[in-house]
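Below: one structure, written as structure tokens.
Take a look at the structure:
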């Protein structure tokens with residue numbers, strides 16, 4: 161239990177050190193992606209739920225369906241072609257961790273992830289809007305805006321913590337396809353090169369890293385539920 165996973169055949173350095181180098185890029189990419197996902201999915205999901213069976217709802221659902229149908233590598237290549245090659249707004253490749261270089265891979269991942277979050281946000285908000293406490297709040301004369309932001313959203317966002325935890329675990333495990341497309345220096349890129357070079361110690365270290373990520377994230381999600389869920393707090397008392 162010393163954390164010694166051996167020496168990488170290709171890099172001639174400890175596996176832990178090699179994974180740590182890739183972790184910096186992967187962590188930065190994961191943080192930016194999660195921020196983009198929340199910025200995109202929460203407003204659209206709320207808008208779709210509030211305007212159920214109206215044109216905004218249909219528009220959001222169609223865009224969500226289109227987004228989930230596009231493979232990450234294809235979307236990444238299209239973004240590279242338009243914003244990197246034609247408009248030259250962002251670098252095509254990123255050999256180091258930079259703010260300009262993380263935008264396109266983060267947007268690529270965020271678009272795909274947001275499609276799941278938008279549908280989930282819409283579902284949980286619609287479910288909460290039909291609860292008895294919402295009917296009681298309307299009977300007391302509270303405005304729809306107060307009901308939505310003060311009462312519905314805090315309860316509706318709790319189930320999203322689990323989905324967010326799974327997404328963070330997936331991102332920290334290294335998104336190999338996107339990292340390869342954008343030449344992003346992350347753990348996924350490192351793992352692909354290790355497989356191609358038959359660097360078995362590095363591959364084994366990568367598998368162990370993924371397992372640790374999911375275990376830690378799931379543990380933190382459980383702890384956050386115990387802290388954020390009022391029902392669990394009342395149960396403890």
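Numbering (our numbering), first residue to last: 161 to 397. For glycine and all other residues, C-beta sits at the position ideal for the given N, C-alpha and C. Everything numeric in this text was worked out from a predicted model, so none of it was measured.
For residue j and residue i, the rounded distance between their alpha carbons
| i | j | result |
| --- | --- | --- |
| residue 233 | residue 169 | 29 Å |
| residue 297 | residue 195 | 32 Å |
| residue 370 | residue 214 | 42 Å |
| residue 164 | residue 372 | 15 Å |
| residue 205 | residue 179 | 36 Å |
| residue 431 | residue 376 | This structure gives no information on residue 431, because the portion of the chain shown stretches from 161 to 397. |
| residue 241 | residue 268 | 13 Å |
| residue 286 | residue 217 | 12 Å |
| residue 223 | residue 355 | 36 Å |
| residue 303 | residue 327 | 34 Å |
| residue 353 | residue 282 | 40 Å |
| residue 211 | residue 239 | 31 Å |
| residue 288 | residue 310 | 12 Å |
| residue 419 | residue 181 | For the chain, the structure presents residues 161 to 397; residue 419 sits outside this window and is missing. |
| residue 228 | residue 207 | 19 Å |
Cut-off 8 Å between Cβ atoms - residues of its own chain near residue i, not counting five sequence neighbours on either side
| i | result |
| --- | --- |
| residue 192 | 262, 263, 266 |
| residue 250 | 243, 244, 260, 261, 263, 264 |
| residue 358 | 169 |
| residue 344 | 185, 189, 254, 261, 262, 265, 338 |
| residue 237 | 341 |
| residue 331 | 186, 189, 190, 193, 194, 269 |
Contact check, residue i vs residue j, beta carbons under 8 Å
| i | j | result |
| --- | --- | --- |
| residue 342 | residue 254 | yes |
| residue 323 | residue 291 | no |
| residue 321 | residue 384 | yes |
| residue 294 | residue 306 | no |
| residue 284 | residue 220 | no |
| residue 351 | residue 363 | yes |
| residue 176 | residue 365 | yes |
| residue 388 | residue 318 | yes |
| residue 325 | residue 367 | no |
Residue i in three-state terms, based on DSSP
| i | result |
| --- | --- |
| residue 252 | coil |
| residue 231 | coil |
| residue 319 | coil |
| residue 174 | strand |
Status (buried if at least 16 other CB within 10 Å, exposed otherwise) for residue i
| i | result |
| --- | --- |
| residue 203 | exposed |
| residue 231 | exposed |
| residue 185 | buried |
| residue 316 | buried |
| residue 235 | buried |
| residue 226 | exposed |
| residue 209 | buried |
| residue 247 | exposed |
| residue 301 | exposed |
beta-carbon residue i near the ligand FAD non-hydrogen atom, thresh 7 Å
| i | result |
| --- | --- |
| residue 230 | Absent from the structure shown: the ligand FAD. Ligands present: none. |
Cut-off 7 Å between Cβ atoms - residues of its own chain near residue i, not counting five sequence neighbours on either side
| i | result |
| --- | --- |
| residue 172 | none |
| residue 270 | 193, 196, 197, 200 |
| residue 183 | 347 |
| residue 329 | 373, 374, 377 |
Nonlocal neighbours in the same chain, by C-beta distance under 6 Å from residue i, ignoring five residues either side
| i | result |
| --- | --- |
| residue 274 | 197, 200, 201 |
| residue 166 | 175, 361 |
| residue 272 | 232 |
| residue 299 | none |
| residue 314 | none |
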